[in-house]
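Sequential numbering from 1 applies to the sequence shown in the UniProt record's numbering.
In this text, a Cβ means the ideal position worked out from N, Cα and C, and glycines have one as well.
Computed from a prediction, not measured in an experiment: that's the story for all the values here.
Structure first, commentary second.
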Amino acid sequence: MVFKNTKIKLSKGLAFYSEKESIQFAKEAREGWQLKKISPFGFYVFKKAKPEDSTWVVDFYSGKKTDVIDYVEFYQDSGWSLVENYRNRYFVFKSTGNHIFNYTDRQTYKERLKNETVWMLLQSLWLFFPSLIIYLFLFYFNNFSMSLWLKAMISGVLFVGMIFPIMMAVLLLYFKVMYRKRPELYNNPKAIDKSQKFGRDMVISMVIGAIFGFISSMLFFN
């Protein structure tokens, strides 16, 4: 979607497709569109610019937020410039020189993927605890007067929040198994990009979501 000098594109997901997204950013730059913002609502904002032949990297930072400056300086010292970051965890860098990806061995890249997985699981718990507390407050510790249908709907929504960490764990397991050779391609983002099938992954993700949704409806709407 283009509005004058601004282009908006949906994100495939920095978490699961960092290499695919970095290659897309490089393509946009060659066509004269520079990334300016990563929205929390799942889209990117590009601004019109001079066409540029550059290499892009999307990296996950798992360290302390107080050490972010040192992390960014490490990339800059290696010839990369910071473009944007999301929540001080996902950082987008670019280089117009012949600089290589900063992961120089399989083990460090594998550790990066592991840290990202743990972080995502912990983030999913933020939805679990509020949903559990609200559920207990509404339906166990207080006697609110509401219709059976409304109670079932609210219960279903809260139940989804409570099982979200399980859904996330299943998705992460799927990606780990499906792309188990990803660590071996640590220094070849183009090969990782080609190996990833976004359309298939989205279908599988929707099936997983539908299964959990069916379980939720069976428990609360019967």
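Mark GLU19 as exposed unless 16 or more other C-beta atoms lie within 10 angstroms of its C-beta, in which case mark it buried.
Taking the first residue of the sequence shown as position 1, residue 19 is located at position 19. With 16 or more Cβ atoms within 10 Å of its Cβ, GLU19 is classed as buried.
Starting from ASP59, trace the beta strand (DSSP E) both ways and give me its first and last residue.
Position 59 of the sequence shown, counting from 1, holds the residue named residue 59. First-last of the beta strand (DSSP E) with ASP59: 55–60.
Endpoints, beta strand (DSSP E) assigned at GLN34:
Numbered from 1 along the sequence shown, position 34 holds the residue referred to as residue 34. Start and end: 33–38.
Cβ shell of SER205 (< 7 Å), same chain only, five flanking positions each side left out
If you number the sequence shown from 1, residue 205 lands on position 205. Excluding residues within five positions, the ones whose Cβ falls inside 7 Å are LEU171.
Look up ASN85 in the DSSP assignment and say whether it is helix, strand or coil.
For the purposes of this step, residue 85 is identified with residue 85 of the sequence shown, where counting begins at 1. ASN85 falls in the strand class under three-state DSSP.
contact_flag[the stretch 60–74, the stretch 111–121] where n(CB pairs < 8 Å) is 3 or more:
yes
Rounded to the nearest angstrom, what separates MET167 and GLN123 at their Cα positions?
If you number the sequence shown from 1, residue 167 lands on position 167. If you number the sequence shown from 1, residue 123 lands on position 123. Those two C-alpha atoms are separated by around 13 Å.
Measuring alpha carbon to alpha carbon, tell me which residue in LEU132, TYR186, TYR71, LYS9 is nearest GLY42.
On the sequence shown, residue 42 is found 42 positions in, with the first residue counted as 1. Among LEU132, TYR186, TYR71, LYS9, the Cα nearest to that of GLY42 is on LYS9.
Terminal residues of the continuous alpha helix (DSSP H) containing LYS20?
Here residue 20 refers to the residue found at position 20 of the sequence shown. Where LYS20 is concerned, the enclosing alpha helix (DSSP H) stretches over 18–30.
Can you give the beta carbon distance from SER39 to VAL45, rounded, assuming they're within the 8 Å contact cut?
For this step, residue 39 is matched to residue 39 along the sequence shown. For this step, residue 45 is matched to residue 45 along the sequence shown. About 7 Å separates the two Cβ atoms, so the contact holds.
My understanding is that ILE23 touches LYS190, with C-beta atoms under 8 Å, so please give their C-beta distance in whole angstroms.
Locating residue 23 in the sequence shown gives position 23, counting from the first residue. Locating residue 190 in the sequence shown gives position 190, counting from the first residue. Going by Cβ atoms, the distance from ILE23 to LYS190 rounds to 7 Å, so yes, they are a contact pair.
Collapsed DSSP secondary structure at TYR75 in the structure displayed:
Against the sequence shown, residue 75 aligns to sequence position 75. In this structure, TYR75 counts as helix in the three-state DSSP scheme.
Spatial neighbours of MET162 within its chain, please: CB distance less than 6 Å, with the 5 preceding and 5 following residues excluded, ordered by chain position.
Counting from 1 along the sequence shown, the entry for residue 162 is found at position 162. The residues are PHE128, SER131, LEU132.
Rounded to whole angstroms, what's the CA-CA distance from ASN188 to VAL92? Just pull it up for me.
Taking the sequence shown and counting its residues from 1, one reaches residue 188 at position 188. Taking the sequence shown and counting its residues from 1, one reaches residue 92 at position 92. Cα-Cα distance, rounded: 17 Å.
Can you list, in chain order, the residues of its chain with a C-beta nearer than 8 Å to that of TRP33? Leave out the 5 residues immediately preceding and following it.
Here the question's residue 33 lines up with position 33 in the sequence shown. Excluding positions up to five away in sequence, the list reads LYS7, PHE46, LYS47, LYS48, ALA49.
Counting only the same chain and skipping the five closest in sequence on each side, list residues whose C-beta sits under 7 Å from that of TYR174.
Translated into positions along the sequence shown, residue 174 becomes position 174. Taken in chain order, the residues that qualify are ILE204.
How many angstroms separate the CA atom of GLY97 from the CA atom of GLU52?
Along the sequence shown, read from residue 1 onward, the residue named residue 97 stands at position 97. Along the sequence shown, read from residue 1 onward, the residue named residue 52 stands at position 52. Cα to Cα, the separation comes out at about 11 Å.
Measure the C-alpha to C-alpha separation of PRO183 and THR117 and round it to an integer number of angstroms.
Here residue 183 refers to the residue found at position 183 of the sequence shown. Here residue 117 refers to the residue found at position 117 of the sequence shown. Near 14 Å, if we compare the C-alpha coordinates of THR117 and PRO183.
Short Cβ contact (8 Å threshold) for PRO165 with LEU121:
Here residue 165 refers to the residue found at position 165 when the sequence shown is read from its first residue. Here residue 121 refers to the residue found at position 121 when the sequence shown is read from its first residue. Yes, the pair counts as a contact, with Cβ atoms nearer than the cut-off.
Scan the stretch 151–206 and note each continuous alpha helix (DSSP H) run of 4 residues or more that stays entirely inside, going in chain order.
189–195
If contacts are defined as beta-carbon pairs under 8 Å, then LEU14 and TYR103 qualify, I think. What distance do you get, rounded to the angstrom?
In the sequence shown, counting from the first residue as 1, residue 14 sits at position 14. In the sequence shown, counting from the first residue as 1, residue 103 sits at position 103. So it is not a contact: roughly 16 Å between Cβ atoms.
Between which two residues does the beta strand (DSSP E) holding LYS9 run?
Here residue 9 corresponds to residue number 9 of the sequence shown, with the count starting at 1. Element bounds for LYS9: 6–10.
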